[in-house]
Amino acid sequence: MIDFTSLENDDWYIINDGVMGGLSKGKTTKTDDGVTFYGSVSLENNGGFTSFRAPWDEYDLTNYKEVTIRYRSEGMRLAFVMETSQRFWIPNYKVGLSNSEEWITETFQLEDFKQYRLGDPTGKSFSDEVKDEIIRVGFITNEKRAGDFKFEVAMVEFN
0 MIDFTSLEND
10 DWYIINDGVM
20 GGLSKGKTTK
30 TDDGVTFYGS
40 VSLENNGGFT
50 SFRAPWDEYD
60 LTNYKEVTIR
70 YRSEGMRLAF
80 VMETSQRFWI
90 PNYKVGLSNS
100 EEWITETFQL
110 EDFKQYRLGD
120 PTGKSFSDEV
130 KDEIIRVGFI
140 TNEKRAGDFK
150 FEVAMVEFN
(Lines of atoms letter the chains of each structure in order from A and count residues from 1; the text may use other names and numbers.)
(Lines give C-alpha, C1' and ligand atoms only; values in the text may rest on other atoms or scores of the structure.)
Protein backbone atom coordinates (compact mmCIF):
# COMPACT_ATOMS: atom_id res chain seq x y z
CA MET A 1 0.00 0.00 0.00
CA ILE A 2 1.17 3.51 -0.79
CA ASP A 3 -0.20 5.87 1.86
CA PHE A 4 0.27 9.41 0.61
CA THR A 5 -0.90 10.86 3.95
CA SER A 6 2.22 9.49 5.64
CA LEU A 7 4.64 9.45 2.72
CA GLU A 8 7.79 10.71 4.42
CA ASN A 9 10.17 10.92 1.52
CA ASP A 10 10.13 12.82 -1.71
CA ASP A 11 10.99 9.87 -3.94
CA TRP A 12 7.94 10.45 -6.15
CA TYR A 13 8.68 13.03 -8.80
CA ILE A 14 7.24 14.96 -11.74
CA ILE A 15 7.97 14.16 -15.38
CA ASN A 16 6.70 16.82 -17.77
CA ASP A 17 6.58 16.66 -21.55
CA GLY A 18 9.63 18.94 -21.57
CA VAL A 19 11.64 15.74 -21.99
CA MET A 20 10.33 15.90 -25.58
CA GLY A 21 10.22 19.68 -25.99
CA GLY A 22 6.75 20.33 -24.55
CA LEU A 23 5.74 23.13 -22.20
CA SER A 24 3.36 21.40 -19.75
CA LYS A 25 3.94 21.99 -16.04
CA GLY A 26 3.13 19.81 -13.06
CA LYS A 27 3.81 20.41 -9.37
CA THR A 28 3.04 18.69 -6.09
CA THR A 29 2.15 19.82 -2.60
CA LYS A 30 1.96 17.62 0.50
CA THR A 31 -1.29 18.04 2.46
CA ASP A 32 -2.90 16.42 5.49
CA ASP A 33 -5.09 14.43 3.06
CA GLY A 34 -2.21 13.16 0.91
CA VAL A 35 -0.47 14.73 -2.07
CA THR A 36 -1.91 17.26 -4.51
CA PHE A 37 -0.59 17.04 -8.07
CA TYR A 38 -1.62 20.06 -10.13
CA GLY A 39 -0.62 22.08 -13.13
CA SER A 40 -1.33 22.87 -16.73
CA VAL A 41 -1.04 20.80 -19.90
CA SER A 42 0.15 22.56 -23.05
CA LEU A 43 0.06 21.23 -26.59
CA GLU A 44 2.77 23.67 -27.71
CA ASN A 45 6.05 22.20 -29.05
CA ASN A 46 4.55 18.70 -29.34
CA GLY A 47 3.59 18.67 -25.65
CA GLY A 48 0.59 17.10 -24.07
CA PHE A 49 1.26 15.51 -20.68
CA THR A 50 2.61 15.81 -17.18
CA SER A 51 2.98 12.98 -14.69
CA PHE A 52 3.65 12.16 -11.04
CA ARG A 53 5.61 8.91 -10.70
CA ALA A 54 7.18 6.61 -8.15
CA PRO A 55 10.88 5.81 -8.30
CA TRP A 56 12.08 2.83 -10.33
CA ASP A 57 11.64 -0.29 -8.20
CA GLU A 58 10.27 -3.83 -8.34
CA TYR A 59 6.51 -4.12 -7.92
CA ASP A 60 5.77 -7.84 -8.04
CA LEU A 61 1.99 -8.03 -8.48
CA THR A 62 1.88 -11.81 -8.91
CA ASN A 63 -0.44 -12.29 -5.92
CA TYR A 64 -2.74 -9.34 -6.70
CA LYS A 65 -5.85 -8.99 -8.85
CA GLU A 66 -6.89 -5.37 -8.32
CA VAL A 67 -5.81 -1.90 -7.27
CA THR A 68 -7.81 0.53 -5.12
CA ILE A 69 -7.15 4.27 -5.35
CA ARG A 70 -8.58 7.01 -3.10
CA TYR A 71 -8.51 10.39 -4.85
CA ARG A 72 -10.34 13.45 -6.10
CA SER A 73 -9.77 15.22 -9.39
CA GLU A 74 -10.79 18.44 -11.14
CA GLY A 75 -10.23 19.72 -14.66
CA MET A 76 -8.40 17.17 -16.73
CA ARG A 77 -8.83 13.42 -16.26
CA LEU A 78 -5.80 11.41 -15.19
CA ALA A 79 -4.82 7.76 -15.45
CA PHE A 80 -2.98 5.38 -13.14
CA VAL A 81 -0.06 3.91 -15.07
CA MET A 82 2.21 0.88 -14.58
CA GLU A 83 5.48 0.55 -16.48
CA THR A 84 7.62 -2.48 -17.35
CA SER A 85 10.63 -0.67 -18.86
CA GLN A 86 12.71 2.45 -18.32
CA ARG A 87 12.58 3.09 -22.07
CA PHE A 88 9.77 5.57 -22.76
CA TRP A 89 8.77 3.97 -26.07
CA ILE A 90 8.14 0.52 -24.56
CA PRO A 91 4.39 0.08 -23.94
CA ASN A 92 2.95 0.72 -20.48
CA TYR A 93 -0.40 -0.14 -18.92
CA LYS A 94 -2.96 2.34 -17.67
CA VAL A 95 -6.53 2.78 -16.52
CA GLY A 96 -8.45 6.05 -16.68
CA LEU A 97 -9.67 7.76 -13.51
CA SER A 98 -12.91 9.69 -13.11
CA ASN A 99 -13.22 13.37 -12.32
CA SER A 100 -14.83 14.04 -8.95
CA GLU A 101 -14.51 17.08 -6.71
CA GLU A 102 -15.46 14.81 -3.78
CA TRP A 103 -13.16 12.08 -2.46
CA ILE A 104 -13.87 8.76 -4.15
CA THR A 105 -12.40 5.30 -3.75
CA GLU A 106 -12.29 3.25 -6.94
CA THR A 107 -11.17 -0.34 -7.41
CA PHE A 108 -9.88 -1.54 -10.77
CA GLN A 109 -9.19 -5.11 -11.84
CA LEU A 110 -5.63 -5.43 -13.14
CA GLU A 111 -7.03 -7.14 -16.23
CA ASP A 112 -8.89 -3.86 -16.99
CA PHE A 113 -5.60 -2.01 -17.61
CA LYS A 114 -4.95 -1.42 -21.30
CA GLN A 115 -1.57 -1.28 -23.02
CA TYR A 116 -0.40 2.02 -24.56
CA ARG A 117 2.66 2.99 -26.57
CA LEU A 118 3.50 6.71 -26.47
CA GLY A 119 -0.09 7.47 -25.44
CA ASP A 120 -1.74 5.40 -28.18
CA PRO A 121 -3.62 2.16 -27.42
CA THR A 122 -2.10 -1.04 -28.78
CA GLY A 123 -5.29 -3.10 -28.39
CA LYS A 124 -3.69 -5.36 -25.76
CA SER A 125 -4.57 -5.70 -22.08
CA PHE A 126 -2.63 -6.35 -18.90
CA SER A 127 -1.86 -10.05 -18.46
CA ASP A 128 -0.60 -12.36 -15.73
CA GLU A 129 2.70 -12.65 -17.62
CA VAL A 130 3.69 -9.05 -16.80
CA LYS A 131 2.61 -9.02 -13.14
CA ASP A 132 6.19 -9.54 -11.98
CA GLU A 133 7.67 -7.07 -14.51
CA ILE A 134 6.25 -3.78 -13.13
CA ILE A 135 9.09 -1.40 -12.25
CA ARG A 136 7.23 1.90 -11.76
CA VAL A 137 3.72 3.17 -11.05
CA GLY A 138 2.29 6.66 -11.19
CA PHE A 139 -0.30 9.09 -12.48
CA ILE A 140 -0.40 10.86 -15.85
CA THR A 141 -2.75 13.35 -17.45
CA ASN A 142 -4.97 11.34 -19.76
CA GLU A 143 -6.46 13.79 -22.24
CA LYS A 144 -4.77 15.17 -25.31
CA ARG A 145 -5.93 18.72 -24.75
CA ALA A 146 -4.59 21.87 -23.15
CA GLY A 147 -5.91 22.85 -19.74
CA ASP A 148 -5.46 23.01 -15.99
CA PHE A 149 -5.93 20.16 -13.54
CA LYS A 150 -5.83 19.39 -9.83
CA PHE A 151 -5.52 15.82 -8.59
CA GLU A 152 -5.32 14.79 -4.93
CA VAL A 153 -4.41 11.24 -3.93
CA ALA A 154 -4.59 9.69 -0.47
CA MET A 155 -3.65 6.06 -1.16
CA VAL A 156 -3.04 3.29 -3.67
CA GLU A 157 -3.45 -0.30 -2.53
CA PHE A 158 -3.00 -3.53 -4.44
CA ASN A 159 -5.33 -6.32 -3.31
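Mapped onto numbering that gives the first Met the number 0, the consecutive letters of the sequence shown carry residue numbers 0 to 158.
Glycine included, every Cβ here is placed at the ideal spot set by N, Cα and C.
Only a predicted model underlies this, so the values are computations on that prediction, with no experimental measurement involved.
Contact between the segment 4 to 16 and the segment 112 to 127 is not established, with fewer than three Cβ pairs separated by less than 8 Å. Around Leu109, the same chain offers Leu60, Tyr63, Lys64, Glu65, Val66, Phe125, Lys130 as residues with beta carbons nearer than 8 Å, after the five sequence neighbours per side are excluded.
Annotation for Ile139: the continuous beta strand (DSSP E) segment containing it runs 135 to 140. Looking at Asp111, Arg52, Leu77, Phe79, the one whose alpha-carbon comes closest to that of Gln85 is Arg52.
If you ignore the 5 residues before and after Glu156, its C-beta comes within less than 6 Å of the C-beta of Met0, Thr67, all in its own chain and listed in chain order. Residue pairing of Arg52 in beta bridges, as defined by DSSP: Tyr12, Gly137.
Asn45 is classed as exposed because its beta carbon has fewer than 16 other beta carbons within 10 Å across all chains shown.
Counting along the chain, Val18 sits inside no beta strand (DSSP E), nor does DSSP assign it H or E at all. Of the other Cβ atoms in all chains shown, 16 or more fall within 10 Å of the Cβ of Asn141; this residue is therefore buried. Going by DSSP, Trp102 is part of the beta strand (DSSP E) stretching over 99 to 108.
C-alpha of Thr121 to C-alpha of Thr4: approximately 35 Å in a straight line. Distance from Ala153 to Asp9 at the Cβ level is roughly 17 Å; contact not present, criterion being Cβ atoms closer than 8 Å. A distance below 8 Å between beta-carbons, with the five flanking residues on each side excluded, links Ser23 to the following residues of its chain, in chain order: Asn15, Asp16, Gly17, Gly38, Ser39, Val40, Ser41, Gly46, Gly47, Phe48, Thr49, Thr140.
Within the same chain, Thr28, Glu151 come within 6 Å of Thr35 by CB-CB distance, once the 5 residues on both sides are set aside.
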